[in-house]
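Protein sequences, first through last, are from chains A and B.
The first sequence stops at residue 343 when you use my numbering, and every number in between is there.
The second sequence stops at residue 343 when you use my numbering, and every number in between is there.
Note that beta-carbon positions come from the ideal geometry of N, C-alpha and C, so glycine has one too.
The structure appears right after this line, and notes come after that.
There are 2 protein chains.
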Amino acid sequence: MKKKFTRKNSIQDIAEVLQLSAATISRVLNNHPHVHETTRSKVMAMVEQVGYKRNAMASGLRTNKTNSIGLIVPKVSMYIHAEIITIIQNGLHTQGYNLIICQSNDSVEMEKDLCQTLYASRVDAVIAASTLFTTDFSHFDILTDNNVPVIFYDRVPVDPYPACIIRGDDFHGAYLATSHLIELGCKSIAYISGPPVSNIYIDRLAGFKKAMTQNRLPIVKEWLFYHELDADNARKSLHRLFESKPYPDAIFAGNDVTAIAALGFAREKGIAVPGELKIVGYSNDPRSSIVTPSITTVDQFPARIANQIVTELLKILENRNSDVDIEYTQVTIPVQLIRRMST
Amino acid sequence: MKKKFTRKNSIQDIAEVLQLSAATISRVLNNHPHVHETTRSKVMAMVEQVGYKRNAMASGLRTNKTNSIGLIVPKVSMYIHAEIITIIQNGLHTQGYNLIICQSNDSVEMEKDLCQTLYASRVDAVIAASTLFTTDFSHFDILTDNNVPVIFYDRVPVDPYPACIIRGDDFHGAYLATSHLIELGCKSIAYISGPPVSNIYIDRLAGFKKAMTQNRLPIVKEWLFYHELDADNARKSLHRLFESKPYPDAIFAGNDVTAIAALGFAREKGIAVPGELKIVGYSNDPRSSIVTPSITTVDQFPARIANQIVTELLKILENRNSDVDIEYTQVTIPVQLIRRMST
DNA sequence: TTTATTTACTCAAACGATTTCGGAAATATT
DNA sequence: AATATTTCCGAAATCGTTTGAGTAAATAAA
Numbered sequence: 001m002k003k004k005f006t007r008k009n010s011i012q013d014i015a016e017v018l019q020l021s022a023a024t025i026s027r028v029l030n031n032h033p034h035v036h037e038t039t040r041s042k043v044m045a046m047v048e049q050v051g052y053k054r055n056a057m058a059s060g061l062r063t064n065k066t067n068s069i070g071l072i073v074p075k076v077s078m079y080i081h082a083e084i085i086t087i088i089q090n091g092l093h094t095q096g097y098n099l100i101i102c103q104s105n106d107s108v109e110m111e112k113d114l115c116q117t118l119y120a121s122r123v124d125a126v127i128a129a130s131t132l133f134t135t136d137f138s139h140f141d142i143l144t145d146n147n148v149p150v151i152f153y154d155r156v157p158v159d160p161y162p163a164c165i166i167r168g169d170d171f172h173g174a175y176l177a178t179s180h181l182i183e184l185g186c187k188s189i190a191y192i193s194g195p196p197v198s199n200i201y202i203d204r205l206a207g208f209k210k211a212m213t214q215n216r217l218p219i220v221k222e223w224l225f226y227h228e229l230d231a232d233n234a235r236k237s238l239h240r241l242f243e244s245k246p247y248p249d250a251i252f253a254g255n256d257v258t259a260i261a262a263l264g265f266a267r268e269k270g271i272a273v274p275g276e277l278k279i280v281g282y283s284n285d286p287r288s289s290i291v292t293p294s295i296t297t298v299d300q301f302p303a304r305i306a307n308q309i310v311t312e313l314l315k316i317l318e319n320r321n322s323d324v325d326i327e328y329t330q331v332t333i334p335v336q337l338i339r340r341m342s343t
Numbered sequence: 001m002k003k004k005f006t007r008k009n010s011i012q013d014i015a016e017v018l019q020l021s022a023a024t025i026s027r028v029l030n031n032h033p034h035v036h037e038t039t040r041s042k043v044m045a046m047v048e049q050v051g052y053k054r055n056a057m058a059s060g061l062r063t064n065k066t067n068s069i070g071l072i073v074p075k076v077s078m079y080i081h082a083e084i085i086t087i088i089q090n091g092l093h094t095q096g097y098n099l100i101i102c103q104s105n106d107s108v109e110m111e112k113d114l115c116q117t118l119y120a121s122r123v124d125a126v127i128a129a130s131t132l133f134t135t136d137f138s139h140f141d142i143l144t145d146n147n148v149p150v151i152f153y154d155r156v157p158v159d160p161y162p163a164c165i166i167r168g169d170d171f172h173g174a175y176l177a178t179s180h181l182i183e184l185g186c187k188s189i190a191y192i193s194g195p196p197v198s199n200i201y202i203d204r205l206a207g208f209k210k211a212m213t214q215n216r217l218p219i220v221k222e223w224l225f226y227h228e229l230d231a232d233n234a235r236k237s238l239h240r241l242f243e244s245k246p247y248p249d250a251i252f253a254g255n256d257v258t259a260i261a262a263l264g265f266a267r268e269k270g271i272a273v274p275g276e277l278k279i280v281g282y283s284n285d286p287r288s289s290i291v292t293p294s295i296t297t298v299d300q301f302p303a304r305i306a307n308q309i310v311t312e313l314l315k316i317l318e319n320r321n322s323d324v325d326i327e328y329t330q331v332t333i334p335v336q337l338i339r340r341m342s343t
């Protein structure tokens, strides 16, 4: 019978007990001026005592502000996103915003649903890294059309879109990685990466090609693989790649999971890394440094991306109701090659 | 000047256009009976046309139901939680609930804040894996006191708490792991694990001790280490452990990150694994299988935990307003030893 | 034809917090 | 002492949706 809890959870209830009006309670709670110090402390005491907590729905309905930001990521477990989540959450938390983390699981359908839900809950802004397969970004329109600012990062719209865009320099990253392999004497380089549909893989492919052609190396069609970058898919491609000679002397993988899979495959086949085969990954996932040999990769500086997102977001939220026109900033964060034992 | 969007985003606006009352629109949207087919389709068409989306705040305020579930995890990047997030989200999504993922970052303060925020947004229920340092669970009271059901998993309250509890069999897992090492002939086993404050580490410690004493092996105090289980802390403990002989012949690590750190340390010191030193981890993190040698570990079956959570949650939400008394189910999911090359 | 019943809809009151407007009391100014 | 100003607080409207009560029209039953 403990179900009957003291239903002291509205501003009205507190007002009644203290013989005040709800308006006064609200003013105290929002630090408005023109409230007598005596009543203020009386109210605070009662609020404390009954454990009152503001109903965010009622408040948000009235003020048209939720103090919460939606975040859509493909998978929370991916290194870059996990890093970014942590930093963004801390950054926003100190400013009184809370982060609603959502996972699209790389499904466009889910991403659509999440846009709808986030709009329905009237978040103040949305941060998003899209699905690998999102080419049509129109499901984000419900947000932008209704004045909900959107910030894309990492996986961003390829075509112009009214949103802030923060990305890594994928072109240069791939260029650096490929050039590194070429400098080491590699002549036949295989490329296993994501479908060139998402900006990150379009750019990485372009960077790869640039380095190859610049060095007059052939781009062999049979050595280019595009698919979702998980271990299973990687193994399939690797099998195809080593079905018949000549073998490539290097692999540039679109992410570290694929690079690690390549390493495992090489070990099984008795191919020496880096002796016979050099491998470069992408993202500087911590996993790339715990395997033997450790894998050369490209650092994307997720912390810098995250901080940039927070900065831009706070700027946008500040100018929210002012007449300042929203600028759709585009920022590219530089990358860095991390040389390890696999090359 | 595109700021002036057609403000057709309330039920009232649609009602006005169609010369109907808001009530009717609402009834259509909620599939209520007693609405003429003609009007129903007229309304649906208009809703579609103007891209109307229900305001979750207004709806929630009225119905006292948000259709969203809060989830608090220490870190979204941890393998077990990442797995569980994905499964829970999918499970709830099909039932029309959406998941609000929050990360406490293993900070008790943040966890407290998250409880407050989730209560403020009046989620229908909360799922939580606590901080490593949460011994006092009273900040969850704001939820339970106000009839918000709470389900704990993995890291759960040690003392009785009015919530559903779903946990892995940490005691048995540690017992299995330690017994396995003993069966392989290990006599001096070091234990590096989390502070025995959180249930998972209390239980794992107990399981370790049980196996040791059962086999009349001494538990050496200097070989027991308790701290947050990241790579840096692990290395410190390993240094202490191998400061002077005699060296242990096995290490049971509280998680796979620590086990991997031990592996790296052993390689640096030229200690052969599994020859001179055997290593067992915990969690069956995918990382434990990509290192060389691959690491023996304990699988916690995160998918089973997640499915159990979904089942319990839906049961609770179904009985929400019925007079059925809430049962605080306690479920323990079995574990399994995964033997690999490190032992 | 009169009386029930069903159908299709509207009215208006909630939900809980915020905020504009204005009133009363206290204080300051002339 | 009369007026102006400031300080503190309450009444009421509002945000957008839901829902019980009520109403008019259409259909069924008597």
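Query: Residue-level contact to chain B via CB, Ile333/A, 8 angstroms cutoff; Result: no
Query: Residue-chain proximity (Gly264/B, chain A), Cβ-Cβ < 8 angstroms; Result: yes
Query: Interface positions of the region 231-256 of chain A facing chain B (Cβ-Cβ less than 8 angstroms), listed along the chain; Result: none
Query: For Asn147/A, the nearest candidate out of Asp325/A, Gly275/A, Pro248/A, Asn55/A (CA to CA); Result: Asp325/A
Query: Nearest to Leu132/A (by Cα), restricted to the options Ala82/A, Phe140/A, Lys75/A, His93/A; Result: Lys75/A
Query: Where the beta strand (DSSP E) containing Tyr191/B begins and where it ends; Result: 189-193
Query: Alpha helix (DSSP H) runs contained entirely in the region 169-225 of chain B, provided each spans 4 or more residues; Result: 170-183, 199-214
Query: Cβ-Cβ separation, Ile72/B to Glu109/B (assumed contact under 8 angstroms), whole Å; Result: Rounded, the Cβ-Cβ distance is 13 angstroms, inconsistent with contact.
Query: Cβ pair Arg340/B, Ser294/B closer than 8 angstroms; Result: yes
Query: Assigned secondary structure, Tyr119/A (DSSP; H/G/I helix, E/B strand, else coil); Result: helix
Query: Where Thr332/A falls: helix, strand or coil (DSSP); Result: strand
Query: CB contact below 8 angstroms: Glu57/B versus chain A; Result: One point to set straight first is that residue 57/B is Met, not Glu, in the sequence displayed. By this cut-off, Met57/B is an interface position.
Query: Opening and closing residue of the alpha helix (DSSP H) in which Ser237/A lies; Result: 231-241
Query: Cβ of Ile295/A within 8 angstroms of any chain B Cβ; Result: no
Query: Exposure label - Lys2/B; buried when at least 16 CB within 10 Å; Result: Unreliable positioning characterises Lys2/B in this predicted model, as indicated by a pLDDT of 32, which lies under 50. The coordinate reading is nonetheless provided below. Lys2/B should be labelled exposed.
Query: Within 8 angstroms, strictly: CB atoms of Pro196/A and Tyr226/A; Result: yes
Query: Residue range of the unbroken alpha helix (DSSP H) whose run includes Ile127/A; Result: First-last for Ile127/A: 125-128, but that is the beta strand (DSSP E), not the alpha helix (DSSP H).
Query: Distance CB(Cys164/A)-CB(Ile142/A) smaller than 8 angstroms; Result: no
Query: Presumed contact (8 angstroms Cβ cut-off) between Ala306/B and Ile87/B, rounded CB distance; Result: 4 angstroms
Query: Nearest-angstrom Cα separation, counted from Tyr201/B out to Ala211/B; Result: 15 angstroms
Query: Min CB distance Ser121/A to chain B below 8 angstroms; Result: yes
Query: Unbroken beta strand (DSSP E) run spanning Ala253/B, endpoints; Result: 250-253
Query: Within-8 angstroms CB hit, Arg155/A to chain B; Result: no
Query: Below-8 angstroms beta-carbon distance, Arg54/B vs any chain A residue; Result: yes
Query: DSSP three-state assignment for Phe245/B, whether helix, strand or coil; Result: Per the sequence presented here, residue 245/B reads as Lys, with Phe not at that position. Lys245/B falls in the coil class under three-state DSSP.
Query: Bridge partners - Lys278/A, DSSP secondary structure assignment; Result: Ala250/A
Query: Helix, strand or coil at Gly70/A according to DSSP, with G and I counted as helix; Result: strand
Query: C-beta contact flag for Ala190/B and Ile251/B at 8 angstroms; Result: yes
Query: Through-space distance from Lys65/A to Leu99/A, alpha-carbon basis; Result: 14 angstroms
Query: The region 269-288 of chain B / the region 298-305 of chain B touching (three or more Cβ pairs under 8 angstroms); Result: yes
Query: Three-state secondary structure assigned by DSSP to Asn105/B; Result: coil
Query: Whether Val291/B touches Ile260/B by CB criterion (8 angstroms); Result: yes
Query: 8 angstroms Cβ cutoff met for Val273/A and Ala266/A; Result: yes
Query: Chain B contacts made by the region 282-293 of chain A, where a contact means CB separation under 8 angstroms; Result: Arg287, Ile290, Val291, Thr292
Query: Same chain, Cβ closer than 7 angstroms to Thr134/A, five either side skipped, listed in chain order; Result: Val108, Glu111
Query: Rounded straight-line distance, which links the Cα of Gln330/B to that of Leu314/B; Result: 15 angstroms
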